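Engineer: My questions will all concern the structure given below.
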Amino acid sequence: MEWSARPRGWIEVIAGGMFSGKTEALITRLRRALIARQTVQAFKPRLDDRYEANFIVSHSRLRIETQVVESAEDILECLRPETQVVGIDEGQFLGAGLVSVCHQLAQEGRRVIVAALDLDYRGEPFEPIPHLLAMAEYVSKPQAICVVCGHPANFSQRLIADERRVVVGAEGLYEARCRRCFVPYPVRPSEAVTWETTKDS
Numbered sequence: 005m006e007w008s009a010r011p012r013g014w015i016e017v018i019a020g021g022m023f024s025g026k027t028e029a030l031i032t033r034l035r036r037a038l039i040a041r042q043t044v045q046a047f048k049p050r051l052d053d054r055y056e057a058n059f060i061v062s063h064s065r066l067r068i069e070t071q072v073v074e075s076a077e078d079i080l081e082c083l084r085p086e087t088q089v090v091g092i093d094e095g096q097f098l099g100a101g102l103v104s105v106c107h108q109l110a111q112e113g114r115r116v117i118v119a120a121l122d123l124d125y126r127g128e129p130f131e132p133i134p135h136l137l138a139m140a141e142y143v144s145k146p147q148a149i150c151v152v153c154g155h156p157a158n159f160s161q162r163l164i165a166d167e168r169r170v171v172v173g174a175e176g177l178y179e180a181r182c183r184r185c186f187v188p189y190p191v192r193p194s195e196a197v198t199w200e201t202t203k204d205s
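Following this note's numbering, the numbering of the sequence shown begins with 5 at its first residue and continues without gaps.
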């Protein structure tokens, strides 16, 4: 039996709540690929306008140059033939096509690394990430630190009164919460969780 000479591709997903270090982990992996002299391209959705336009930037201010796309399908149009490693930040904003695009890239022998939220502000699965997680060869689920009690946190608590599913923001709009301290939207003043309420319960 002869094995194909085509390079092996795969999908890696870094999924979790806000402030858990997903983007930092993505940048670190892409930088290591560059050190290994691999050809890298990074992409992020136009919707993510929190920091610099042409860079993926972590909350800790690590950064790497990126291309901005409207949808996952745009990645295929921007991809160079020689690219070996594809990094995608904020994958949850790139639409349902993200899954098929990542699958195609991996089938072509590329390493695909996606950082994304797996839950929305209501604590519900953020499509299409659950589907992508099921297809990925490697999954990392970093935890943030709950700002209320200090325990590991996987939920993103929205702090403003807005029922839209997507409200792009960082500190001041969201904070990391554990399962016990997370309050699904809407949050009324009487439901606000503090250190004192968790300590007494």
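Beta carbons: idealized from backbone N, C-alpha and C, even for Gly.
Keep in mind the model is a prediction, meaning the values are calculated, not measured.
Just checking my contact of Gly25 with Pro146 at CB under 8 Å: how many whole Å lie between their CB atoms?
Structural biologist: Taking the first residue of the sequence shown as 1, we reach residue 25 at position 21. Taking the first residue of the sequence shown as 1, we reach residue 146 at position 142. Contact annotation, Gly25 with Pro146: C-beta distance approximately 5 Å; criterion of less than 8 Å satisfied.
Engineer: Three-state secondary structure (DSSP) at Glu28?
Structural biologist: Here residue 28 is taken as the residue at index 24 of the sequence shown, counted from 1. Of the three classes helix, strand and coil, the one that applies to Glu28 here is helix, per DSSP.
Engineer: Using only CA atoms, which one of Thr32, Pro85, Glu86 lies nearest to Ile3?
Structural biologist: Summary: the structure shown does not reach residue 3, with the chain confined to residues 5 through 205, and so no result is reported for it.
Engineer: For Glu16, count neighbouring Cβ atoms within 10 angstroms of its own Cβ and tell me buried if that reaches 16, exposed if not.
Structural biologist: To locate residue 16, count along the sequence shown from 1; it is residue 12. It is buried - the Cβ of Glu16 has at least 16 other Cβ atoms within 10 Å.
Engineer: What is the DSSP secondary structure of Val89, counted as helix, strand or coil?
Structural biologist: Here residue 89 refers to the residue found at position 85 when the sequence shown is read from its first residue. Val89 falls in the strand class under three-state DSSP.
Engineer: Starting from Glu131, trace the beta strand (DSSP E) both ways and give me its first and last residue.
Structural biologist: Your numbering for residue 131 matches position 127 in the sequence shown. Unbroken run through Glu131: none, as it is neither H nor E.
Engineer: Sort Gln108, Ile68, Gly99 by Cα distance to Leu83 and report the nearest one.
Structural biologist: Here the question's residue 83 lines up with position 79 in the sequence shown. With distances taken between Cα atoms, Leu83 lies closest to Gln108.
Engineer: Can you tell me which of the three DSSP states Ser160 falls into?
Structural biologist: On the sequence shown, residue 160 is found 156 positions in, with the first residue counted as 1. In the structure shown, Ser160 sits in a strand (DSSP, three-state: E or B).
Engineer: By the three-class DSSP mapping on this structure, what secondary structure does Ser104 have?
Structural biologist: In the sequence shown, counting from the first residue as 1, residue 104 sits at position 100. In the structure shown, the three-state DSSP call for Ser104 is helix.
Engineer: For Trp199 and Gly101, I'd like the C-alpha separation in whole angstroms.
Structural biologist: Within the sequence shown, residue 199 is the residue found at index 195, counting from 1. Within the sequence shown, residue 101 is the residue found at index 97, counting from 1. Model confidence at Trp199 stands at a pLDDT of 43, short of 50, so the residue's coordinates are unreliable and nothing is read from them.
Engineer: Hey, would you say Gly99 sits closer than 7 Å to Ala120, going by beta carbons?
Structural biologist: Here the question's residue 99 lines up with position 95 in the sequence shown. Here the question's residue 120 lines up with position 116 in the sequence shown. No. Outside cutoff.
Engineer: Do we get a CB-CB distance below 7 Å when we pair Leu38 with the residues of chain D?
Structural biologist: Absent from the structure: chain D. Only one protein chain is present.
Engineer: Can you say whether Phe186 is buried or exposed, counting buried as having 16 or more other CB atoms within 10 angstroms of its CB?
Structural biologist: The residue you call residue 186 lines up with position 182 of the sequence shown. Counting Cβ neighbours within 10 Å, Phe186 comes out buried, since at least 16 surround it.
Engineer: Indicate whether Gln161 and Arg181 have their beta-carbon atoms separated by less than 7 Å.
Structural biologist: Along the sequence shown, one-based indexing puts residue 161 at 157. Along the sequence shown, one-based indexing puts residue 181 at 177. A Cβ-Cβ contact shorter than 7 Å links Gln161 with Arg181.
Engineer: Under 7 Å between the Cβ atoms of Leu51 and Phe97?
Structural biologist: Position 47 of the sequence shown, counting from 1, holds the residue named residue 51. Position 93 of the sequence shown, counting from 1, holds the residue named residue 97. Closer than 7 Å, so yes.
Engineer: With DSSP as the reference, label Gly20 as helix, strand or coil.
Structural biologist: As a working mapping, residue 20 is identified with position 16 in the sequence shown. Reduced to three states, the DSSP call for Gly20 is strand.
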